[in-house]
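To keep things clear, I will list the structure first and then write my remarks on it.
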């Protein structure tokens, strides 16, 4: 195992985190050196030293194997979590070590769940750091690393192939090496768009920056206790809906639509399925909210239904209403949406609508094979024919997702979590959605969960963000003597 090469690449990922910690220090200074200034300075210093250490004492290596790539990806995320929790733990307040770990993992994985009951009690610099972890995690710790590595390096192509999954690559009309830049261009474009629109809608500049970082990453961390609902503006809510939708579409297709100045690239069956499912689920939720008497008029009910579904499907943890009192049928609808979520090649989590489409196409093909054994029925996806070798990894991923969910829910039940949040919080954690139901709902926090359950949820967040396979590969390597 080439630990020298791994350490240099992981060091780059830590330097990215240290950069945003430094920016958080500047925010603290601009706000009169608020109470988190010392914690951020110390955290920045520690993270920067550990990130720079390999470049001082480790010789450059240009060769990286497939196994070393998986180790690099896994360690980059895990160490980002560890060093990302330092500002919280050193600041103190509600941040015990477990709570600091939870907030860090939730931020970097863009889950958006929080242990904070009073977000507005945090100093501005720490609020900025929270949103920064979303911004880093949304683009991806490894993608940030790839933006720094020279194009000529074989390391870049190897890591790019691992970080950009096969489902994501399908929508890019470019080499894998180029897709990293395309993803970054669209990601930064949505961030700038959200920031400018929030400013025009009357949101204060600091809040606009933090919410733009959160919405472009489909994260959900807010600077206010009442989230987006605190601003009481339909314009701000509408901007959030638009940006959540854009951030949950395939970035490659968005890029093609922009450069070609045509909506033709968006005339994609997966996007049609996704948009249609959002509208249908929003309509059902809106009707349920109106008939249940939660809102007075149809317009308000449908609007709240659309906002909630868009938050869930894009895996953004924002809120404008409290879902803790909603009946079981509406909660079941939310959980179904939280399982599927957005498109591949976006910043959203979950199973992805692409895999669900593939699953139903595969089921349809199998039924036709049973009815007409001699017929030939092909699965077409994205303009190309898929064989069993193409389909199997995605169908197995769905199985792995269900198994992980079952194990996580059973573990939380054993720990003492109620059955509703043992299931709901496990789903929203694996899918990186964020808020669950009840006390852990849209206006609640995960602080009510026992510490062991919080740890289980953070592991779900991590596995959901990296999509399980890289971690399983590293675990398999640990038990494979030939990989040591």
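Residue numbers (our numbering): 416 to 899. Backbone N, C-alpha and C define an ideal beta-carbon position, used for all residues, glycine too. On a predicted model such as this, the values are computed, not experimentally measured, just so you know.
Straight-line measurement puts the Cα of residue 668 at about 35 Å from the Cα of residue 855. Residue 890 sits in a helix when the DSSP states are folded into three classes. For residue 624, the enclosing alpha helix (DSSP H) stretches over residues 620-631.
Contact annotation, residue 686 with residue 758: C-beta distance approximately 7 Å; criterion of less than 8 Å satisfied. When rounded, the separation of the alpha-carbon atoms in residue 719 and residue 735 is 7 Å. Under the three-pair Cβ rule at 8 Å, the segment 491-509 counts as touching the segment 459-473. The Cβ atoms of residue 658 and residue 623 lie no closer than 7 Å to each other. A check of alpha carbon separations from residue 607 across 630, 594 and 595 identifies 630 as the nearest. Under the 8 Å Cβ criterion, the segment 829-842 does not count as touching the segment 798-811, having fewer than three qualifying pairs.
In this structure, residue 844 places its C-beta atom within 7 Å of the C-beta atom of residue 876.
Ranked by Cα distance from residue 459, the options 867, 505 and 785 are led by 505.
Secondary structure remark: continuous alpha helix (DSSP H) runs of at least 4 residues inside the segment 817-892, in chain order: 834-845 and 866-881. Counting only residues of its own chain and dropping the five nearest sequence neighbours on each side, residue 661 has a CB closer than 6 Å to the CB of 605. Between residue 765 and residue 841, the C-beta spacing is not below 7 Å. Listed in chain order, the alpha helix (DSSP H) elements of length 4 or more contained wholly in the segment 488-556 are 501-506, 512-523 and 539-554. Our two residues, residue 647 and residue 737, have alpha carbons roughly 14 Å apart in a direct line.
With a 10 Å radius around the Cβ and a threshold of 16 neighbouring Cβ atoms, residue 634 comes out buried. Setting aside the 5 residues that flank it on each side, residue 526 is surrounded in the same chain by 847, 849 and 876, each with a C-beta closer than 6 Å to its C-beta; the list follows chain order.
A contact is defined here as three or more CB-CB pairs under 8 Å, and the segment 419-428 meets this definition with respect to the segment 478-488. Around the Cβ of residue 869, a 10 Å sphere holds 16 or more other Cβ atoms; the residue is buried. Between the C-alpha atoms of residue 863 and residue 514 there is a straight-line separation of about 11 Å.
Looking at the backbone, the Cα of residue 871 and that of residue 887 are separated by about 17 Å. Measuring C-alpha to C-alpha distances from residue 537 to each of 739, 436 and 639 identifies 639 as the nearest. When Cβ pairs closer than 8 Å are counted between the two stretches, the segment 810-818 is seen not to touch the segment 782-793, the count staying below three. Excluding residues up to 5 positions away in sequence, 668, 671 and 672 lie with their Cβ nearer than 6 Å to the Cβ of residue 680 in the same chain.
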